[in-house]
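Participant:
Number of protein chains: 2
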Amino acid sequence: MKKNERISVITKILSDHPNEVFSYNYFTDLLEAGKSSVCEDVAIVKNAIELTGTGYVETFSGASGGVVYHPQVTSAEEVSILKEIADQLQSPARKIQGGFVYYSDILSNPRYSKNIGRIIASKYGEMGIEYVVTTETKGIPVAMETAHYLNVPMGLIRRSNRVTEGATTSVNYISGSSNKIKTMYLSRRIDLKDKKVLVIDDFMKGGGTAKGMTNLMEEVGAEVMGICVIFVTRSPAEKLVENFTPLIWMDDENLEAGLRVSLHSEAEN
Amino acid sequence: MKKNERISVITKILSDHPNEVFSYNYFTDLLEAGKSSVCEDVAIVKNAIELTGTGYVETFSGASGGVVYHPQVTSAEEVSILKEIADQLQSPARKIQGGFVYYSDILSNPRYSKNIGRIIASKYGEMGIEYVVTTETKGIPVAMETAHYLNVPMGLIRRSNRVTEGATTSVNYISGSSNKIKTMYLSRRIDLKDKKVLVIDDFMKGGGTAKGMTNLMEEVGAEVMGICVIFVTRSPAEKLVENFTPLIWMDDENLEAGLRVSLHSEAEN
Numbered sequence: 001m002k003k004n005e006r007i008s009v010i011t012k013i014l015s016d017h018p019n020e021v022f023s024y025n026y027f028t029d030l031l032e033a034g035k036s037s038v039c040e041d042v043a044i045v046k047n048a049i050e051l052t053g054t055g056y057v058e059t060f061s062g063a064s065g066g067v068v069y070h071p072q073v074t075s076a077e078e079v080s081i082l083k084e085i086a087d088q089l090q091s092p093a094r095k096i097q098g099g100f101v102y103y104s105d106i107l108s109n110p111r112y113s114k115n116i117g118r119i120i121a122s123k124y125g126e127m128g129i130e131y132v133v134t135t136e137t138k139g140i141p142v143a144m145e146t147a148h149y150l151n152v153p154m155g156l157i158r159r160s161n162r163v164t165e166g167a168t169t170s171v172n173y174i175s176g177s178s179n180k181i182k183t184m185y186l187s188r189r190i191d192l193k194d195k196k197v198l199v200i201d202d203f204m205k206g207g208g209t210a211k212g213m214t215n216l217m218e219e220v221g222a223e224v225m226g227i228c229v230i231f232v233t234r235s236p237a238e239k240l241v242e243n244f245t246p247l248i249w250m251d252d253e254n255l256e257a258g259l260r261v262s263l264h265s266e267a268e269n
Numbered sequence: 001m002k003k004n005e006r007i008s009v010i011t012k013i014l015s016d017h018p019n020e021v022f023s024y025n026y027f028t029d030l031l032e033a034g035k036s037s038v039c040e041d042v043a044i045v046k047n048a049i050e051l052t053g054t055g056y057v058e059t060f061s062g063a064s065g066g067v068v069y070h071p072q073v074t075s076a077e078e079v080s081i082l083k084e085i086a087d088q089l090q091s092p093a094r095k096i097q098g099g100f101v102y103y104s105d106i107l108s109n110p111r112y113s114k115n116i117g118r119i120i121a122s123k124y125g126e127m128g129i130e131y132v133v134t135t136e137t138k139g140i141p142v143a144m145e146t147a148h149y150l151n152v153p154m155g156l157i158r159r160s161n162r163v164t165e166g167a168t169t170s171v172n173y174i175s176g177s178s179n180k181i182k183t184m185y186l187s188r189r190i191d192l193k194d195k196k197v198l199v200i201d202d203f204m205k206g207g208g209t210a211k212g213m214t215n216l217m218e219e220v221g222a223e224v225m226g227i228c229v230i231f232v233t234r235s236p237a238e239k240l241v242e243n244f245t246p247l248i249w250m251d252d253e254n255l256e257a258g259l260r261v262s263l264h265s266e267a268e269n
C-alpha cells in the first residue's frame, strides 16, 4: 500500500472509532508498513484532522504507544448547527395544539442527531464519562450519537416496566407535561455502580424527568457527571434540577406570536 | 495544504457523510487546490477506501461532477459482526423470566448498532430508499444508523398517541408478545406519500408489529421497499408478513437448554 493510501486508511479508521485507542502495532500489521512510516503517516493525519476543526488526534509514544481521535466542535460550528435547528423551530407550522412545538423529526434526522451528539461529546469528552443514559423516546438518537463519540455504551431508561428488560430499579418522578407522578425503570442488568454517567434529555420544562434520572442514578450508585438537555423552556425559571447544560432555550410564553428561540452557547460567548 | 493532508481531509469528509454527493468544486474551494489535483486525490481515496472493504467511492465526471461514498459490508464482515452478537445472546445470564432473552444492551451499544446499521444499509443501498421507519423503542438506534448510512431521515412510529407528535395516522395491530390488539401512531407531519420506505424492526415473533407497520405505510401512501428485522424467532414458522430479511434467527423452543442462535447470512451462503 502506498503512503497516500495508508494515510486515507488511517484517517478512515480513526474517524470511524472516536475515543478508541489504536496501537501503532495495529497499523503496522494492517498496513504492512514499518513503525517509522506509520508514525509519519499518523503525524500527517493528526495535522489534517486538526485543520478541519473536527477534533484532535492524541499520540502516545513508547512500547505501549498508540493513537486516538477525540472529536470536537468549534464554538462557531456549534452556534451554526444549533442556530439552524432553532430557526426551524420558529416555523409557525411547528405549533401543536396545547402549546407544544413539534421537533421529533429534527431529532430523528441523522444529520441533526449526529451534530448534536458531537456537540455534547465535545463538552464532556475530557470528563472520563463511562455511560450515557437517557429516558425514552425522542432523545435516544442524540444519546446514542453522544455515546458513539465518547466510545461508551448507552443505558436506556424506560417509562413503563417491560418484561424484556428483566428485573428493574425504579423511581417515581413528576412528569412536567402532565404534572402527574409517574415511574421510570432501569434494567438491573445495566450495572452503573460507581460509573461516571452523563444524563441526556431532549426536553425540559419543570425538570421532573431530569430530577427522576438523577434520583435513579443515585439509587444505582452512579456518579452523575453532567446533565445535558437539548431544548429547555424559559419558564418556569426554577427547575427541579440545578446544574444542567441547555443547548437551546425556548420561550413559549406567547406561542401564538411565534416561538422565540435562543442558543445557550451564544449567551455565554 | 499538502497533498497528503488533502487526502486525509477528503477521506474524513466522505466517510462522515455516506451517500452524500460532494461536487469537485466543493473540494477545490475547501482545499484551495486545482481540479486536477483534487481528481487525483479522490482517485487515491477511492482506492484506499475500497482496500479497507468498508464501501466504494463513486465519481461523476463533467461540469456537474462529484464524489459519493457508499458504505458496504463484505459478507465475511457481516458474518463476523452478527456472530459476535449471536454468541452473546447464548449466555445463560441473558435468560429472562417468561421465555425472553435480554438484548437491550446490545442494541444500545453504539458499536453494535452502528455495525448492524451498516449491514442493513449495505443490503438496501441501491434501492433508492427515501425514509427509514421503525416502531419505538429498542430498534431506534439501529434504524437511526441505517438512516445515517443511507443519508435519509428516520420516521418514528409511536406505540401510544403523544401530544408532541401533533395529528397522527393510526392503525391497529396484534402485539406478538401479549397477543392483544394495540394501536400504533405516525405523526401526520411526516410525509411519506409516494416515498420509498425501508421498515426496520428489532424483534419478530408472530410478525404483528411488522404487519402493522406495513399497513400503516399503506395508509400513508408509502411504498415499502423492504422489511429488515434484527432478531427473528424460529417459531411460529408462519409469520404475519411474508417478505422480510432476518439477520439473526432465535430458536427458543427449549430456552432452558440454552438459546440456539443462527445467522441468516450463513444459511444463505
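Residue numbers (UniProt numbering), protein chains in the order written: chain Y, 1 to 269; chain R, 1 to 269. Glycine residues also receive a C-beta, built at the ideal position from the N, C-alpha and C atoms.
Are the beta-carbon atoms belonging to Y:Tyr102 and Y:Ser15 less than 8 Å from one another?
Facilitator: Here the question's residue 102 of chain Y lines up with position 102 in the first sequence. Here the question's residue 15 of chain Y lines up with position 15 in the first sequence. Not a contact, by the Cβ cut-off of 8 Å.
Participant: So with Cβ pairs under 8 Å, would you call R:Phe100 a contact of chain Y?
Facilitator: Residue 100 of chain R sits at position 100 when you count from the first residue of the second sequence. So yes, R:Phe100 belongs to the interface.
Participant: Specify the secondary structure class of R:Val42 as computed by DSSP and reduced to three states.
Facilitator: Walking along the second sequence from the start, residue 42 of chain R turns up at place 42. The answer is helix: DSSP assigns R:Val42 an H, G or I state.
Participant: Please list, in chain order, the residues of the segment 77 to 98 of chain R that have any C-beta partner in chain Y closer than 7 Å.
Facilitator: Result list: Ile96, Gly98.
Participant: Could you tell me whether the Cβ atoms of Y:Thr59 and Y:Val73 are closer together than 8 Å?
Facilitator: The count along the first sequence starts at 1 and reaches residue 59 of chain Y at position 59. The count along the first sequence starts at 1 and reaches residue 73 of chain Y at position 73. In this structure, Y:Val73 does not lie closer than 8 Å to Y:Thr59 by Cβ.
Participant: In terms of residue numbering, what span does the alpha helix (DSSP H) encompassing R:His148 cover?
Facilitator: Here residue 148 of chain R corresponds to residue number 148 of the second sequence, with the count starting at 1. Looking at the DSSP string, the run of the alpha helix (DSSP H) that includes R:His148 is 140 to 150.
Participant: Can you give me, in chain order, the residues of the segment 226 to 254 of chain R that have a beta carbon less than 9 Å from any beta carbon in chain Y?
Facilitator: Per Cβ criterion, the list is empty.
Participant: Residues in the same chain with beta-carbon distance under 8 Å from R:Ile119, minus the five sequence neighbours each way, listed in chain order, please.
Facilitator: Your numbering for residue 119 of chain R matches position 119 in the second sequence. Around R:Ile119: Val73, Glu78, Ile81, Leu82, Leu247.
Participant: What does a CB cutoff of less than 6 Å around R:Ser23 pick up in its chain, not counting 5 residues either side in sequence?
Facilitator: The residue labelled residue 23 of chain R in the question sits at position 23 within the second sequence. Same-chain partners within the cutoff: Gly66.
Participant: Label Y:Glu242 either buried or exposed according to how many other C-beta atoms from any shown protein chain fall within 10 Å of its C-beta, with 16 as the threshold for buried.
Facilitator: In the first sequence, the residue the question calls residue 242 of chain Y occupies position 242. That one is exposed.
Participant: Going by the CB atoms, is the gap between Y:Val197 and Y:Met225 shorter than 8 Å?
Facilitator: Counting from one through the first sequence, the residue named residue 225 of chain Y turns up at place 225. Counting from one through the first sequence, the residue named residue 197 of chain Y turns up at place 197. Yes, the pair counts as a contact, with Cβ atoms nearer than the cut-off.
Participant: Between which two residues does the beta strand (DSSP E) carrying R:Thr134 extend?
Facilitator: Translated into the one-based positions of the second sequence, residue 134 of chain R becomes position 134. That run of the beta strand (DSSP E) goes 131 to 135.
Participant: Could one say the Cβ of Y:Arg260 lies closer than 8 Å to chain R's Cβ atoms, at least one of them?
Facilitator: Indexing the first sequence from 1 puts residue 260 of chain Y at position 260. Chain R contact via Cβ: absent.
Participant: What residues from the segment 118 to 133 of chain R come within 7 Å of chain Y, judged by C-beta to C-beta, listed N to C?
Facilitator: If the cut-off is 7 Å between Cβ atoms, the segment 118 to 133 of chain R has nothing near chain Y.
Participant: Mind pulling the chain R residues with CB within less than 7 Å of Y:His148?
Facilitator: Locating residue 148 of chain Y in the first sequence gives position 148, counting from the first residue. What Y:His148 touches in chain R: Pro110, Lys114.
Participant: Cutting at 7 Å between CB atoms, please list the residues of its own chain near Y:Ile7, excluding the five before and the five after it.
Facilitator: Sequence index remark: in the first sequence, residue 7 of chain Y carries index 7 (1-based). Asp41, Ile44, Val45.
Participant: Does Y:Asn161 come within less than 8 Å of chain R when only Cβ atoms are used?
Facilitator: The count along the first sequence starts at 1 and reaches residue 161 of chain Y at position 161. Taking Cβ atoms only, chain R never reaches closer than 8 Å to Y:Asn161, which makes this a no.
Participant: My assumption, with CB atoms under 8 Å, is that R:Ser104 sits in contact with Y:Leu156. Please give the rounded CB distance.
Facilitator: What you label residue 104 of chain R is simply residue 104 of the second sequence in a count that begins at 1. What you label residue 156 of chain Y is simply residue 156 of the first sequence in a count that begins at 1. Sure, about 6 Å apart at Cβ, within 8 Å.
Participant: Compare the C-alpha of Y:Ile181 against each of Y:Leu192, Y:Ser108, Y:Thr209 and name the closest.
Facilitator: Taking the first sequence and counting its residues from 1, one reaches residue 181 of chain Y at position 181. Minimum Cα distance to Y:Ile181 is reached at Y:Thr209.
Participant: Given this structure, state the Cα-to-Cα distance separating R:Asp251 from Y:Glu136, to the nearest angstrom.
Facilitator: By 1-based counting over the second sequence, the position of residue 251 of chain R is 251. By 1-based counting over the first sequence, the position of residue 136 of chain Y is 136. Those two C-alpha atoms are separated by around 29 Å.
Participant: I'd like to confirm the pairing. Which residues does DSSP put opposite residue 277 of chain R in its beta bridges?
Facilitator: Within the shown structure, residues of chain R are numbered from 1 to 269, placing residue 277 of chain R beyond reach of any answer.
Participant: Answer with buried or exposed for R:Thr127, where buried requires no fewer than 16 other C-beta atoms within 10 angstroms of its C-beta.
Facilitator: Within the second sequence, numbered from 1, the residue matching residue 127 of chain R stands at position 127. Rather than Thr, the amino acid found at residue 127 of chain R in this sequence is Met. Classification of R:Met127: exposed, given that the 10 Å Cβ count is below 16.
Participant: Give the C-beta separation of R:Leu150 and R:Tyr112 to the nearest angstrom, bearing in mind that I take them to be a contact with Cβ-Cβ under 8 Å.
Facilitator: Taking the second sequence and counting its residues from 1, the one referred to as residue 150 of chain R is at position 150. Taking the second sequence and counting its residues from 1, the one referred to as residue 112 of chain R is at position 112. R:Leu150 to R:Tyr112, Cβ: 18 Å. No contact.
Participant: Scan the UniProt domain "Phosphoribosyltransferase" (103 to 238) of chain Y and note each continuous alpha helix (DSSP H) run of 4 residues or more that stays entirely inside, going in chain order.
Facilitator: List check, alpha helix (DSSP H) in window: 104 to 107, 110 to 124, 140 to 150, 208 to 219.
Participant: Quick one: give me the first and last residue of the beta strand (DSSP E) that Y:Val261 is part of.
Facilitator: Within the first sequence, the letter at position 261 stands for residue 261 of chain Y. Unbroken beta strand (DSSP E) run through Y:Val261: 260 to 263.
Participant: Along the chain, where does the beta strand (DSSP E) containing Y:Leu247 start, and where does it finish?
Facilitator: Taking the first residue of the first sequence as 1, we reach residue 247 of chain Y at position 247. Segment 245 to 251, the beta strand (DSSP E) holding Y:Leu247.
Participant: Could you pull out every residue in the same chain whose Cβ sits closer than 8 Å to the Cβ of Y:Met1, ignoring the five residues on either side in sequence?
Facilitator: Taking the first sequence and counting its residues from 1, the one referred to as residue 1 of chain Y is at position 1. Same-chain partners within the cutoff: Val9, Leu31, Glu32, Ala33.
Participant: Assign Y:Val101 to one of three DSSP states: helix, strand, or coil.
Facilitator: Here residue 101 of chain Y is taken as the residue at index 101 of the first sequence, counted from 1. Correct three-state label for Y:Val101: strand.
Participant: For the alpha helix (DSSP H) holding R:Ala86, just list the boundary residues, first then last.
Facilitator: Locating residue 86 of chain R in the second sequence gives position 86, counting from the first residue. Per DSSP, R:Ala86 belongs to the alpha helix (DSSP H) from 75 to 89.
Participant: I want to verify the contact list: residues of chain Y whose CB lies under 8 Å from the CB of R:Asn172, in sequence order.
Facilitator: Residue 172 of chain R sits at position 172 when you count from the first residue of the second sequence. Correct list: empty, because the minimum Cβ distance to chain Y is about 20 Å.
Participant: Suppose you measure from the CA of R:Gly98 to the CA of R:Ile200; what does that come to, to the nearest Å?
Facilitator: Working through the second sequence from its first residue, we reach residue 98 of chain R at position 98. Working through the second sequence from its first residue, we reach residue 200 of chain R at position 200. Taking the straight line joining both Cα atoms gives about 25 Å.
Participant: Tell me whether Y:Ala76 is buried or exposed, calling it buried when 16 or more other Cβ atoms sit within 10 Å of its Cβ.
Facilitator: Locating residue 76 of chain Y in the first sequence gives position 76, counting from the first residue. By the 10 Å Cβ count, Y:Ala76 comes out exposed.
Participant: So, helix, strand or coil for R:Ser15, using DSSP?
Facilitator: Position 15 of the second sequence, counted from the first residue, corresponds to residue 15 of chain R. R:Ser15 falls in the helix class under three-state DSSP.
Participant: Closer than 7 Å by beta-carbon distance: list the chain R residues that pair up with Y:Arg189, in chain order.
Facilitator: Looking up residue 189 of chain Y in the first sequence gives position 189. By Cβ distance, chain R contributes Tyr102, Asp105.
Participant: For Y:Lys114, which of Y:Val163, Y:Ile129, Y:Pro71, Y:Asp87 has the nearest alpha-carbon?
Facilitator: The count along the first sequence starts at 1 and reaches residue 114 of chain Y at position 114. If we check each option's Cα against that of Y:Lys114, Y:Pro71 comes out closest.
Participant: Indicate the three-state DSSP secondary structure (helix, strand or coil) for Y:Lys3 in the structure shown.
Facilitator: Numbered from its first residue, the first sequence carries residue 3 of chain Y at position 3. Y:Lys3: helix per DSSP, three-state reduction.
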